[in-house]
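**Student:** Quick one: structure below, then a few questions.
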DNA sequence: TATGAATGAGGGTTCATTCAT
DNA sequence: TATGAATGAACCCTCATTCAT
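Chains as they are written, first to last, in the numbering used here: chain A, 1 to 220; chain B, 1 to 220; chain C, 1 to 220; chain D, 1 to 220.
And the structure:
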């Protein structure tokens, strides 16, 4: 309720907040894109995404100049949701392994596989807004892992990058309409992977534990 | 210019057996397709596959009426190689867990992730020549697993379908040029998964152990 | 909120005369359009014109219902400026050939090439406000030419239409960003053309001398 | 009539001459493009060019990867025709000024205005095949001019670049369907320009005489 | 009134597939 | 048979124009 738009030269306007309907559209686009990326992969037709979002195709381009920009925002969105889940679970669940398990299965149901485009070589990992999202996610998940590590329940040679990449790959959708049948396997595989993470370690791993920051540098 | 009519496969109808150069072309196409499927995903342009194989695009169509047919043969080819590996390892390695581990890592290096299109809903799992390949692969890998099971080294609630699907997913290539950087993770993840497979089981799995035959029926 | 009904142009219907800022916007739009027509041709994006004018795109449409209307006004504006120049030069310069030369080169620097859309078949030459502008321009330039003719310095078989069309074509901008390099040629070409206009005529011309009124009728 | 295609490895083939129908298509495309560039400017829709050439749109892309490539070939084609005209006229017409006049008017009828895109800043003037075409055209036209210069009929401060640019601009088509009405003016303007070129010079020109090579360097 | 946002139609380009040599 | 060429459908993206604030 500022005194507001009294007078101003045509271009003196800057901080005008986005219109409510535009914001709603932007959210719809991201939601539709996440769904279609999950169903058809990151090559899903943008026109179809627009249709699913209930808007015209050109509106999508007003919000996202190209496919990369859209993927970028979907990745941010998925990371934010995963972070929120991890943070909530850290508060609600006291047993450290259980917390980790809940997080992993919840992330799967949340289609965290939509993060996979981030791993592709065409993804621009250098944009600064990604750093904040990455730090938040790393903080939250590494928090869960560290608790389990401290309790002697998690092997010591793994880190958050290992978990997130495997989680993304194992839940990564197959192109072609809803491979719902895959859901049957996903939670089994995740559980097996989790079992492999437990301490004591049953084998020696090659390479070294990976952070999310490592992924950032993994570009070609 | 042989006119021999001696052998003939089940579907051979014409008297002349395929010319040697035609056979060679077919092999080149399958090899190039496997490479490009690994590098760019199953959506790799067919013209590019033909170019990589050193033949004209129309020649590809003479051998494979459409993309599905080509994927089909690539899948058969990859399954055959994986089967051969499993059979060889069963002979060469006596320790059952070690044998399993060697198989898994070898299959990864062989880009078994190219099997993933088989899991897609657009893949025709009903074709009879797949049955033979599946039975051979199932026999070989289940053989390795059963040995470990008998030795009390493998948990009892997993089967060959679990292993092969997770193996495919974890090694599945990312679209966009060779995400070689992923290689750094792949073998770590596979090892963690293998650790999770060991007996004694560290958790209870949802669902039931899956055979390859189960995958056949999992179509939408 | 003035309620004045004093003056009203021919088509003014509403009582309130246009607000000062609206008038200023209209002028800005025409100025920006002329610039962009010169730089990119008459196909310049309207959104870009609005941006250059420092206004929103919809405001442009409030003033000009479509691209034709905008072109129309730009043409009127350019004609008015050229007329003013010709009238001023007629007063200031006594030597008739020199006056003509000054007019031509001045018009070139004024980007009279923006008149070219007027020659296009899609231009509506029938609108009445064009008649007035045309008559003024014809009067002014024909005045300059007639003086030279009377003095025996200008060949008799050319008229104002010949001069203005050639002037427009020779100074017409090339599409694509500012072909400033063309400026090097423009004044040379104009001078050569002027030399060709001088009496005595060095050749016989086909057709007949053209007035601006002739151009009006030349539509398809 | 070489012994020809006996045997060769798949990629050993190189010098295979283009198929007759492909060559015919290529020529049709260039012809249609020249027409449409003349009628609608260099922004003419490629789909329309393909339609006019009687082929599918994708065929156009097989021959010319993008609009620039097509413009390039049209420019080469127009330059070649103009060169041929100039060379023929040099042989057939003995009076040097008459020869020049015939060349200019013939080039206009040949729509040499289609050369204008070459002057645009988006045109790649550096490609080597242009050099040959430019040298041929320069040689032929400069030959005509030099004869007139030697005979004392052409002013000394102009060169081939001046003539060709003015010729292109004065015959340059207006966007919008067939501005045939312009034809009425074109030959008058060209003649006036030619009269201005005659010796003795009636004025002093700014800048310096331009060769076609100068145009090559005039890029932004 | 002035504006940012929305939109549909159209052009540019790629690609799976078919055709003709 | 193997091939280069042709094709239409589908996609990406732009832009003139309209809508809602």
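Heads up, the beta-carbon is just placed ideally off N, CA and C, and yes, glycines get one too. As the structure is a computational prediction, the values presented were derived from the model and not from experiment.
Applying a beta-carbon distance threshold of less than 8 Å, which residues of chain D neighbour residue 189(C)?
**Tutor:** By Cβ distance, chain D contributes 162, 165, 166, 169 and 193.
**Student:** At what residue ranges does the segment 138-211 of chain B contain a whole run of the alpha helix (DSSP H), taking only runs of 4 or more?
**Tutor:** Complete alpha helix (DSSP H) runs here, min 4: 160-171 and 183-197.
**Student:** Does the count of Cβ pairs from the segment 195-204 of chain B and the segment 151-168 of chain B closer than 8 Å reach three?
**Tutor:** Counting Cβ pairs under 8 Å, three or more are found: they touch.
**Student:** Does chain A have any CB closer than 8 Å to the CB of residue 39(B)?
**Tutor:** Judged by the 8 Å Cβ criterion, residue 39(B) is not in contact with chain A.
**Student:** Applying a beta-carbon distance threshold of less than 9 Å, which residues of chain B neighbour residue 197(A)?
**Tutor:** Ordered by position in chain B, the residues that pass the 9 Å Cβ test against residue 197(A) are 192, 195 and 196.
**Student:** Do residue 157(C) and residue 210(C) have their C-beta atoms within less than 8 Å of each other?
**Tutor:** Contact: no.
**Student:** Tell me the DSSP secondary structure of residue 120(A) in three-state form.
**Tutor:** Three-state result, residue 120(A): coil.
**Student:** Taking the alpha helix (DSSP H) that residue 101(D) falls in, what are its first and last residues?
**Tutor:** Note, residue 101(D): alpha helix (DSSP H), 96-109.
**Student:** Quick check: what's the CA-CA separation for residue 179(D) versus residue 121(C)?
**Tutor:** The predicted position of residue 179(D) is uncertain, since its pLDDT is 49 and thus under 50; no value can be drawn from it.
**Student:** Is residue 210(D) close to chain C, meaning its C-beta is less than 8 Å from at least one C-beta of that chain?
**Tutor:** Yes - at least one Cβ of chain C is within 8 Å of the one on residue 210(D).
**Student:** From residue 219(A) to residue 189(B), what does the alpha carbon distance come to, in whole angstroms?
**Tutor:** Confidence in residue 219(A) is poor, its pLDDT being 48 and thus under 50, which makes the residue's placement too unreliable to answer from.
**Student:** Which residues, in chain order, does the segment 106-125 of chain C contribute to contact with chain D at a C-beta distance below 9 Å?
**Tutor:** Within the segment 106-125 of chain C, the residues whose Cβ lies closer than 9 Å to some Cβ of chain D are 116, 117, 119, 120, 121, 122 and 123, listed in chain order.
**Student:** Which residues in chain D sit within 7 Å of residue 206(C), going by Cβ to Cβ distance?
**Tutor:** By Cβ distance, chain D contributes 187 and 188.
**Student:** Closer than 7 Å by beta-carbon distance: list the chain D residues that pair up with residue 184(C), in chain order.
**Tutor:** Result: 207.
**Student:** List the residues of chain B that residue 174(A) touches, going by C-beta distances under 7 Å, in chain order.
**Tutor:** Chain B residues near residue 174(A): 116, 119 and 120.
**Student:** Are the CB atoms of residue 86(C) and residue 140(C) nearer to each other than 8 Å?
**Tutor:** Contact flag set, yes.
**Student:** Only counting the same chain, and skipping five residues up and downstream in sequence, which positions put a Cβ closer than 7 Å to that of residue 104(B)?
**Tutor:** Once the five neighbours on either side are set aside, the close Cβ partners of residue 104(B) are 167, 190 and 194.
**Student:** At the 8 Å Cβ level, is residue 202(C) part of the contact set with chain D, yes or no?
**Tutor:** Taking Cβ atoms only, chain D reaches closer than 8 Å to residue 202(C), which makes this a yes.
**Student:** Using the Cα positions of residue 54(D) and residue 60(B), report the straight-line distance between them to the nearest angstrom.
**Tutor:** Taking the straight line from one Cα to the other gives about 29 Å.
**Student:** When you compare each of 171(A), 68(A) and 27(A) to residue 127(A) by their alpha carbons, which one comes out closest?
**Tutor:** Measuring from the Cα of residue 127(A), the nearest candidate turns out to be 68(A).
**Student:** What in chain D is Cβ-close to residue 48(C), meaning under 8 Å?
**Tutor:** Here the premise fails: no neighbours, minimum Cβ distance about 16 Å.
**Student:** Along chain D, which residues have their Cβ under 9 Å away from the Cβ of residue 213(C)?
**Tutor:** None at all; the shortest Cβ gap to chain D is about 14 Å.
**Student:** Residue 83(A): buried (16+ other C-beta within 10 angstroms of its C-beta) or exposed?
**Tutor:** The residue is buried, with at least 16 neighbouring Cβ atoms inside 10 Å.
**Student:** What does residue 35(D) touch in chain C if you count any residue whose Cβ is under 7 Å from its own?
**Tutor:** None at all; the shortest Cβ gap to chain C is about 16 Å.
**Student:** Looking only at its own chain, which residues have a Cβ that is under 6 Å from the Cβ of residue 38(A), when we skip the five neighbours before and after it?
**Tutor:** Excluding sequence neighbours, residue 38(A) sits near 111, 114 and 173.
**Student:** At a Cβ threshold of 8 Å, is residue 216(B) touching chain A?
**Tutor:** Not an interface residue.
**Student:** Taking the alpha-carbon positions, what's the residue 48(D) to residue 30(D) distance?
**Tutor:** Their backbone Cα atoms lie some 13 Å apart in a straight line.
**Student:** Along the alpha helix (DSSP H) that carries residue 36(C), what are the first and last residues, could you check?
**Tutor:** It spans 20-40 - the alpha helix (DSSP H) in which residue 36(C) sits, taken as one unbroken run.
**Student:** Could you check what DSSP says for residue 65(C) in three-state terms: helix, strand or coil?
**Tutor:** Residue 65(C) falls in the coil class under three-state DSSP.
**Student:** If distances are taken between C-alpha atoms only, which option among 130(D), 147(D) and 119(D) comes closest to residue 169(D)?
**Tutor:** It is 119(D).
**Student:** Candidates 22(C), 205(C) and 77(C): which alpha carbon is nearest residue 185(D)'s?
**Tutor:** Ranking the options by Cα distance to residue 185(D), first place goes to 205(C).
**Student:** Just checking my contact of residue 97(C) with residue 153(C) at CB under 8 Å: how many whole Å lie between their CB atoms?
**Tutor:** Confirmed, about 5 Å.
**Student:** Between which two residues does the alpha helix (DSSP H) holding residue 49(A) run?
**Tutor:** Residues 46-53.
**Student:** On a CA-only basis, which of 43(D), 143(D) and 27(D) is nearest residue 94(D)? Give me that one, please.
**Tutor:** Of the listed residues, the one whose Cα sits closest to residue 94(D) is 143(D).
**Student:** Is there a Cβ from chain A that is less than 8 Å from the Cβ of residue 43(B)?
**Tutor:** Yes, contact with chain A.
**Student:** In chain order, what residues of the same chain have a beta carbon less than 6 Å from the beta carbon of residue 100(A), not counting five sequence neighbours either side?
**Tutor:** Counting only Cβ-Cβ distances below 6 Å, and skipping sequence neighbours, we find 144 and 148.
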